[in-house]
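Protein chains: 2
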Amino acid sequence: MQQGGEMQQGAASPGERVVVIGGGPAGLEAAWGVARLGCPVTLVEWAAFLGGTPVAENYAALTPNFEDAEAAMQRMIDRVSPHPLVDIRLRSQVTAFDEREGGGFTVTLSSAGDGSGTSTLDAGAVVVATGFQHFDPGRETQMYGYYEYPDVVALQDLEAMLKDHNVVRPSNGEPPERICFVQCVGSRDRQIGNEYCSKVCCGVASKEAIEVRQQLPGCKVFIFYIDMRMYGYWESQIYWPAQEQYHVQYIKGIITEVLPKDGKLLVRGEDTTMGRPMEVPMDMVVLSVGMEPSLGTRLTAQTLGLRQNKYGFIDAAYPPLDTVSTSRPGVFACGAALGPSDLEDSISSAGAAAMRAVVHVRDRSSVTAAG
Amino acid sequence: MQQGGEMQQGAASPGERVVVIGGGPAGLEAAWGVARLGCPVTLVEWAAFLGGTPVAENYAALTPNFEDAEAAMQRMIDRVSPHPLVDIRLRSQVTAFDEREGGGFTVTLSSAGDGSGTSTLDAGAVVVATGFQHFDPGRETQMYGYYEYPDVVALQDLEAMLKDHNVVRPSNGEPPERICFVQCVGSRDRQIGNEYCSKVCCGVASKEAIEVRQQLPGCKVFIFYIDMRMYGYWESQIYWPAQEQYHVQYIKGIITEVLPKDGKLLVRGEDTTMGRPMEVPMDMVVLSVGMEPSLGTRLTAQTLGLRQNKYGFIDAAYPPLDTVSTSRPGVFACGAALGPSDLEDSISSAGAAAMRAVVHVRDRSSVTAAG
Numbered sequence: 016m017q018q019g020g021e022m023q024q025g026a027a028s029p030g031e032r033v034v035v036i037g038g039g040p041a042g043l044e045a046a047w048g049v050a051r052l053g054c055p056v057t058l059v060e061w062a063a064f065l066g067g068t069p070v071a072e073n074y075a076a077l078t079p080n081f082e083d084a085e086a087a088m089q090r091m092i093d094r095v096s097p098h099p100l101v102d103i104r105l106r107s108q109v110t111a112f113d114e115r116e117g118g119g120f121t122v123t124l125s126s127a128g129d130g131s132g133t134s135t136l137d138a139g140a141v142v143v144a145t146g147f148q149h150f151d152p153g154r155e156t157q158m159y160g161y162y163e164y165p166d167v168v169a170l171q172d173l174e175a176m177l178k179d180h181n182v183v184r185p186s187n188g189e190p191p192e193r194i195c196f197v198q199c200v201g202s203r204d205r206q207i208g209n210e211y212c213s214k215v216c217c218g219v220a221s222k223e224a225i226e227v228r229q230q231l232p233g234c235k236v237f238i239f240y241i242d243m244r245m246y247g248y249w250e251s252q253i254y255w256p257a258q259e260q261y262h263v264q265y266i267k268g269i270i271t272e273v274l275p276k277d278g279k280l281l282v283r284g285e286d287t288t289m290g291r292p293m294e295v296p297m298d299m300v301v302l303s304v305g306m307e308p309s310l311g312t313r314l315t316a317q318t319l320g321l322r323q324n325k326y327g328f329i330d331a332a333y334p335p336l337d338t339v340s341t342s343r344p345g346v347f348a349c350g351a352a353l354g355p356s357d358l359e360d361s362i363s364s365a366g367a368a369a370m371r372a373v374v375h376v377r378d379r380s381s382v383t384a385a386g
Numbered sequence: 016m017q018q019g020g021e022m023q024q025g026a027a028s029p030g031e032r033v034v035v036i037g038g039g040p041a042g043l044e045a046a047w048g049v050a051r052l053g054c055p056v057t058l059v060e061w062a063a064f065l066g067g068t069p070v071a072e073n074y075a076a077l078t079p080n081f082e083d084a085e086a087a088m089q090r091m092i093d094r095v096s097p098h099p100l101v102d103i104r105l106r107s108q109v110t111a112f113d114e115r116e117g118g119g120f121t122v123t124l125s126s127a128g129d130g131s132g133t134s135t136l137d138a139g140a141v142v143v144a145t146g147f148q149h150f151d152p153g154r155e156t157q158m159y160g161y162y163e164y165p166d167v168v169a170l171q172d173l174e175a176m177l178k179d180h181n182v183v184r185p186s187n188g189e190p191p192e193r194i195c196f197v198q199c200v201g202s203r204d205r206q207i208g209n210e211y212c213s214k215v216c217c218g219v220a221s222k223e224a225i226e227v228r229q230q231l232p233g234c235k236v237f238i239f240y241i242d243m244r245m246y247g248y249w250e251s252q253i254y255w256p257a258q259e260q261y262h263v264q265y266i267k268g269i270i271t272e273v274l275p276k277d278g279k280l281l282v283r284g285e286d287t288t289m290g291r292p293m294e295v296p297m298d299m300v301v302l303s304v305g306m307e308p309s310l311g312t313r314l315t316a317q318t319l320g321l322r323q324n325k326y327g328f329i330d331a332a333y334p335p336l337d338t339v340s341t342s343r344p345g346v347f348a349c350g351a352a353l354g355p356s357d358l359e360d361s362i363s364s365a366g367a368a369a370m371r372a373v374v375h376v377r378d379r380s381s382v383t384a385a386g
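Right, dumping it as structure tokens:
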């Protein structure tokens, strides 16, 4: 009954549909919001499943609340999937995008893999939620040996181990006795071209450090950082417990080199608080890799003709007082497609983008009705 | 024509109004979103003007884009005020809040000051956007001498001077030759009970430091910090230019005392990078005060029966995947009423809250229609 009531009250005229591109947390939230506002929505995801990076990369627990990531994403999926106004297209991508006569867009979708070809949709507005990918620590930053030494891993590799409750040294399958995190890998780095701070890595590394201490109470955990950016409540929710309850050791320092030595990894750098060089043996090194625009974000920006910033993220056109408009009227973006974002940023901006997309569709309907 | 079209398409049945409490950036955005989604909205503000803290505290420029704060707020006000679905109540506050039979709320407004008494409104949903206030650096933190030495000021005091292009030492009206900012005043501090990081002070102080250097090119500017929390694009938008173009000097250190000496202020503490005590003379000291819940946030939470966290901010009920629901169904919150927020956080969460409030009203209408 309720859904029927919703449809009758639908703000959009038939065919004035919103297309949401990307099925991660931001896309799921945006699609849900649009549908709940009474507007038909097509959710386009090029993977074979919804849930985005938390599912694709096997995240263990959400930051900062330690909720099981897969269960949380499933809850978002279960809320969206059965809604009668939601049309989900998996293994699909937007391959062409044209302005319609009289406004709105024609969106061409191509199915990946199964050869079922292309289809087109009319859309009154579009929300881009194509997210980020983890910085590849092999690119230009060879000094940490990610592809050389098996016990050098990245944040998402450790996530997967934590999810399996199987944190072991990849080289020998033994639980590590000493782990360190190296912050700002692929962030705050002019040499590789990523001057921005990736925002979440301090929180995610600290969350993982706590989980390591929970799963392996005998393992010593160190975090080498430039600045600990535990903004807002993360300070008291993660950073203080990490130190006080879990005895994670935070060391302000620059790591310059990771080398193998006697079956361990030798981590070299400078302890900047003590003002002295340091050389510490570790069983595992975790690279806190930053965020880069996903391939989906880059391709979608190109296909839709959206201005990108120098890093390839989609440019918000009028920040800070409009966080979701892009350079193209009628196309909104949210979440990490716009740049480094935590989950709360993604959910809030997705909700805002849903609102703005439906307002755009309503305005178009009003103009059409008046004309 | 367009507005008429909107109203005909209105999702809410007559009387199903959203009440937005607070007329700052978040409240203005939320009210605008609700109205643009076709739902009548009453915007309640207890001051005699809209614009919130940026206007009340005479902010000079927005962080991070340096846009004139008053002009930016006026733009938001001008967008909301003429909308036919928006009813603005200045000098008003919510003094009672009751659940209606059959759902929804009865909101009692009292006019402040002019004795015009009280009125009531029926509301289908409520958005609380009552914001923050600056930490009072006289409270429990006497060591910086805010109320003792006129040349010790706070971030918002310097904002007002920058807005007037009149940065002078309050003690003698002369332009300062050396200014320092002391970060984390009222934040990250268990002793005063504010364990959280206030999130924006690193960015705001750095923005003000740049403005000081622009207005007084001969003035040396120092920032004493624990961690510089310049997350996301602030790193490259503010932090790098502050250092490279404007030669703001960042010193990792703890300031323990500010004392008057020979007509200047002696700033004492420890340079933690150099590992040595420091004692530096300054003409002005700027305390980077953090965020606390505004009186409006505290009172509104009590009147509406919303769960607050230990700091007095309104608790988001289900973070991080629902950023705007409160402990009371039908009541949403956004912006700094929920805790430390930058402008982008406030605008995004306000947009999300507008969406959620209208969805709530639509659901109620559907149920009523079905019944």
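Which chain is which? The protein sequence lines are A and B, in order. So in my numbering, the last spot in the first sequence is 386, and the numbers never skip. So in my numbering, the last spot in the second sequence is 386, and the numbers never skip. Beta carbons: idealized from backbone N, C-alpha and C, even for Gly.
Environment of residue i [buried if 16+ CB atoms lie within 10 Å]
i, result
"A:GLU294", "exposed"
"B:GLY268", "buried"
"A:THR145", "buried"
"B:ALA27", "Interpretation of B:ALA27 is limited by its pLDDT of 40, a score under 50 that renders its predicted location unreliable; the figure taken from the coordinates is listed afterwards. B:ALA27 should be labelled buried."
"A:GLU114", "exposed"
"A:ALA111", "exposed"
"A:PRO191", "buried"
"A:TYR209", "Looking at the sequence itself, residue 209 of chain A is Asn, so the reference to Tyr does not match. Buried is the call here."
"B:TYR162", "exposed"
"A:GLY160", "buried"
Cross-strand partners of residue i (DSSP beta bridge)
i, result
"B:TYR333", "B:ASP337"
"B:PRO296", "B:LEU281"
"B:HIS149", "B:MET306"
"B:GLY268", "B:ASP286"
"B:ASN209", "B:ASP204"
"B:GLU114", "B:PHE120"
"B:ALA169", "B:LEU302"
"A:TYR240", "A:LYS267"
"B:GLN108", "B:SER125"
"B:PHE196", "B:ILE238, B:VAL301"
"A:PRO275", "A:LEU280"
CB contact below 8 Å: residue i versus chain B
i, result
"A:VAL376", "no"
"A:ILE253", "no"
"A:ALA369", "yes"
"A:THR68", "no"
"A:LEU100", "no"
"A:ARG32", "no"
"A:THR123", "no"
"A:ARG48", "It should be noted that the sequence gives Gly, not Arg, for residue 48 of chain A. Interface residue, yes."
Contact with chain A by residue i, beta-carbon distance below 8 Å
i, result
"B:SER96", "no"
"B:ASN293", "The amino acid at residue 293 of chain B is misidentified as Asn; the sequence shows Met. No, B:MET293 lies away from the interface with chain A (no Cβ there is under 8 Å from its Cβ)."
"B:VAL373", "yes"
"B:ARG51", "yes"
"B:GLY345", "no"
"B:ASP137", "no"
"B:ALA26", "Residue placement at B:ALA26 is poorly supported in this model, since its pLDDT is 42, which falls under 50; the coordinates still yield a value, given next. Interface residue, yes."
Cross-chain neighbours of residue i in chain E, by beta carbon under 9 Å
i, result
"B:GLU285", "In the structure shown, chain E does not exist; the protein chains are A and B."
Check: Counting pairs of beta carbons, one from the region 43-52 of chain A and one from the region 355-372 of chain A, are three or more of them closer than 8 Å?
Finding: yes
Item checked: Contact between the region 285-299 of chain B and the region 72-84 of chain B (3+ Cβ pairs under 8 Å) -> no
Check: Quick check: the region 214-221 of chain B against the region 241-258 of chain B, are there 3 or more CB pairs under 8 Å?
Finding: yes
Next item on the list: For the region 167-199 of chain B, enumerate the residues whose C-beta is nearer than 8 Å to any C-beta of chain A, in chain order.
Entry: none
Checklist line | chain A contacts made by the region 196-230 of chain B, where a contact means CB separation under 7 Å | finding: ARG203, GLU210, TYR211, CYS212, LYS214
Next item on the list: Could you list the residues in the region 237-264 of chain B with a C-beta less than 7 Å from some C-beta on chain A, going in chain order?
Entry: ASP242, MET243, ARG244, MET245, TYR246, GLY247, TYR248, GLU250, SER251, TRP255
Check: On the three-pair Cβ rule with 8 Å, is the region 338-354 of chain A touching the region 344-352 of chain B?
Finding: no
Notebook entry, point to check: Of all the residues that make up the region 314-325 of chain A, which are near chain B by a beta-carbon distance shorter than 7 Å?
Noted result: none
Next item on the list: Could you tell me whether the region 301-309 of chain A touches the region 317-336 of chain B, where touching means 3 or more Cβ pairs closer than 8 Å?
Entry: no
Check: If you pair each beta-carbon of the region 31-39 of chain A with each one of the region 132-144 of chain A, do three or more pairs fall below 8 Å?
Finding: yes
Notebook entry, point to check: Can at least three beta-carbon pairs, one atom from the region 182-199 of chain A and one from the region 227-246 of chain A, be found at a separation below 8 Å?
Noted result: yes
Next item on the list: Would you check if there are 3 or more beta carbon pairs closer than 8 Å linking the region 316-331 of chain B to the region 295-302 of chain B?
Entry: no
Checklist line | Segment contact, 8 Å Cβ cut-off, at least three pairs: the region 168-176 of chain B with the region 368-376 of chain B | finding: no
Check: Can we say the region 58-75 of chain A touches the region 84-93 of chain A, given the rule of at least three CB pairs closer than 8 Å?
Finding: yes
Notebook entry, point to check: What residues from the region 293-307 of chain A come within 8 Å of chain B, judged by C-beta to C-beta, listed N to C?
Noted result: none
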